[in-house]
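Residue numbers (the working numbering): -8 to 103. A virtual CB, placed ideally from N, CA and C, is assigned to each residue, including glycine. Just so it is clear, the structure is predicted and the values come from calculations on it, not from any experiment. I have placed the structure first, in the form of structure tokens, so that the comments after it can refer back to it.
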């Protein structure tokens, strides 16, 4: 129902790299509209991902939507102390990406 969700975590989704699949990306305007319908006012969206193109797409999508506000971003969350303790929780895919030497990126934003 509307306004029931306080936070949405998007962790390592399929990046759908082809432009023709852009609307399937979980941070596309299509999904932002879905999130807007269920988030509480001031509700947060969190993204953790290894793919730089998907991450850039997300940041560009946030910047292009006046109803989105970027709160925090980090291009390599493990380069220093973690800014938020919940970022220490790793998915299986995250552990694979870290073992492969990839940098993990994070964005926290709101959708009003």
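Residue 96: member of the beta strand (DSSP E) spanning 96 to 102, first to last residue.
Distance from the CA atom of residue 95 to the CA atom of residue 17, rounded to whole angstroms, is 17 Å. Shortest Cα-Cα distance from residue 98 to any of 19, 49, 8 and 89 involves 49. Contact check for residue 26 against residue 59 fails: the beta carbons are separated by 7 Å or more. Secondary structure note for residue 3: it is in no beta strand (DSSP E), with a DSSP letter that is neither H nor E.
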